[in-house]
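Let me begin by presenting the structure, written as structure tokens, before commenting on it.
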Amino acid sequence: MKILVTGGLGFIGSHTVVELIRAGHEPVIFDNLYNSKIETLDKIKKITGSDVKFYKADLLDPDSMETVFKENKFDAVIHFAGLKAVGESVQLPLRYYENNISGTINLCKLMEKYGCKNIIFSSSATVYGAPKSVPIREDFPLSTTNPYGTTKLFLERILTDLTVPDKDLKVILLRYFNPIGADESGLIGEEPNGIPNNLMPYIMQVARGILPELGVFGNDYDTPDGTGVRDYIHVTDLALGHVAALKRVNTGGGVDIYNLGTGTGYSVLDIVKAFEKANGVKVPYAIKPRRAGDIAMCYADPTKAKEELGWEAKKDLETMCKDSWRYAQSLTK
Ligand code: NAD
Ligand code: UFG
Numbered sequence: 339m340k341i342l343v344t345g346g347l348g349f350i351g352s353h354t355v356v357e358l359i360r361a362g363h364e365p366v367i368f369d370n371l372y373n374s375k376i377e378t379l380d381k382i383k384k385i386t387g388s389d390v391k392f393y394k395a396d397l398l399d400p401d402s403m404e405t406v407f408k409e410n411k412f413d414a415v416i417h418f419a420g421l422k423a424v425g426e427s428v429q430l431p432l433r434y435y436e437n438n439i440s441g442t443i444n445l446c447k448l449m450e451k452y453g454c455k456n457i458i459f460s461s462s463a464t465v466y467g468a469p470k471s472v473p474i475r476e477d478f479p480l481s482t483t484n485p486y487g488t489t490k491l492f493l494e495r496i497l498t499d500l501t502v503p504d505k506d507l508k509v510i511l512l513r514y515f516n517p518i519g520a521d522e523s524g525l526i527g528e529e530p531n532g533i534p535n536n537l538m539p540y541i542m543q544v545a546r547g548i549l550p551e552l553g554v555f556g557n558d559y560d561t562p563d564g565t566g567v568r569d570y571i572h573v574t575d576l577a578l579g580h581v582a583a584l585k586r587v588n589t590g591g592g593v594d595i596y597n598l599g600t601g602t603g604y605s606v607l608d609i610v611k612a613f614e615k616a617n618g619v620k621v622p623y624a625i626k627p628r629r630a631g632d633i634a635m636c637y638a639d640p641t642k643a644k645e646e647l648g649w650e651a652k653k654d655l656e657t658m659c660k661d662s663w664r665y666a667q668s669l670t671k
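Below, the structure written as structure tokens:
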């Protein structure tokens, strides 16, 4: 299939482009390079041995996007492009609503105009808010606690509304849990700007000696060791979840929703210990107060994706830690 991958040079997008090519699809990337680098394109080519068409285009500049639609006929869109920093979204809500929501509306208008009937959307476990229990199933109640999460929840609803008048439109909402790791080549991975917010990127910077120690946000949660529990999933497994989701394309209109997680929860201290053991590197840490807005436990029930997509995460925590570290070591300080 010919697939438009918005945000295709970002962390999850670049890994998905690699797996799409490996599965025999033809991805076309557009990205505004706000949170990614053009060098990633060459790295994708190096990993796959294939050329990939790239457009520098912006969700907020419909003319730049229209060129992409004019020059290609897509079977489906995989829509990763968006801003994703929770804390920043609290400070810059308008920027988040404009980029993520207005940007996606612009994209949907072009899909309508050019007759593209399938969209796979990057949603997030954040739409479950503070879940009443774990593991989390797709039919759990939804709520959000910050503007970033609200953009995901609103976009789920907007995309769902579009399937009412357009009976041929297929919307596939993928709710990701916590992606970490990197392609085993060590060529592509996650490289956040500035001081990282997320656990694994922070651990990387401590392990590389850039930051002195990890702050563990709370050890008094109702979890086995008191630290927060999450469902960490290898980004390559997550990417393969998108390839599997393409099976649902052109199966009639409507909305399909899938959790993409492993179904296993690990605590912050589990991750620190696993990283140290896998890589033989020390990660000094100190217990700090809880981070506002954090929940104790969040992990998926991934049964639906297994049953309907034939997909399940395969890579274990040791592999996630080794692959994250291989990529981090390739970065200059
Ligand atoms: P990322 O920042 O690495 O990738 C997003 C890409 O979109 C970047 O390359 C960026 O330059 C591009 N982009 C942003 N705004 C754009 C615009 N207006 N026009 C064109 N391109 C634009 O993020 P990621 O971790 O790869 O996340 C991909 C998607 O998955 C996002 O929608 C994110 O919200 C969602 N998600 C991520 C996580 C996570 O933990 N990484 C978890 C759940 C959901
Ligand atoms: N943590 C620390 N220290 C840090 C960073 C994180 O102890 O320096 C802890 C957090 O308190 C939490 C766990 O590590 O218990 C994971 O935190 P992350 O920030 O890595 O991930 P979150 O689960 O908070 O959120 C991430 C994304 C959200 C997304 C969610 C589910 O940031 O956007 O995963 O996909 F919605």
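Sequence positions in the sequence shown follow the numbering used here and run 339 to 671. Backbone N, C-alpha and C fix where the C-beta goes; we use that ideal spot for every residue, glycine too. Here the structure is a predicted model, which is why all the values come from computation and not from measurement.
- Beta-bridge pairing by DSSP links Leu576 to no other residue.
- Annotated three-state conformation of Asn617 is helix, per DSSP.
- In this structure, Gly603 has its CB at a distance of at least 7 Å from all heavy atoms of ligand 2.
- Look at Cys454 here: in three-state DSSP terms it is coil, with no helix or strand label.
- Pro640 and Glu650 do touch by the CB rule: their CB atoms are close to 6 Å apart, below 8 Å.
- Distances from the CA of Asp654 to each of Tyr570, Ile595, His363 were compared; the closest alpha carbon is that of Tyr570.
- The C-beta separation of Phe418 from Tyr393 comes to about 14 Å, leaving the pair out of contact by the 8 Å criterion.
- Annotated as proximal: Thr354 and Ala577, with beta-carbon spacing under 8 Å.
- If you look at Asp661, you'll find it in the alpha helix (DSSP H) that goes 655-667.
- Secondary structure within the region 506-566: the beta strand (DSSP E) runs of 3 or more consecutive residues, fully enclosed, are 508-514, 516-518, 552-555 (chain order).
- Counting the other CB atoms within 10 Å of its CB gives Thr670 a total below 16, which places it among the exposed residues.
- DSSP places Pro431 inside the alpha helix (DSSP H), whose first and last residues are 431-434.
- For Gly441, the three-state secondary structure derived from DSSP is helix.
- In this structure, the straight-line span from the alpha carbon of Gly487 to that of Ala630 is close to 15 Å.
- For Arg433, the number of other beta carbons within 10 angstroms of its own is below 16, and it is reported as exposed.
- By a beta-carbon distance limit of 8 Å, Trp663 does not contact Asn588. Their separation comes to about 40 Å.
- A distance below 8 Å separates the beta carbons of Lys340 and Lys411.
- Ligand 1 has a heavy atom closer than 7 Å to the beta-carbon of Lys422.
- A distance of 8 Å or more separates the beta carbons of Ser668 and Gly532.
- Cβ atoms of Ala638 and Gly601 come within 8 Å of each other, at about 6 Å.
- In the displayed model, Gly601 falls within coil according to three-state DSSP, outside both helix and strand.
- For Tyr435, same chain residues with a beta-carbon under 7 Å away, outside a window of 5 residues either side, are Pro485, Thr489 in chain order.
- Judged by the Cβ position, Cys636 qualifies as a neighbour of ligand 2 at the 7 Å threshold, a heavy atom of the ligand being closer than this.
- Secondary structure note for Phe368: it is in no alpha helix (DSSP H), and the uninterrupted beta strand (DSSP E) holding it is 364-369.
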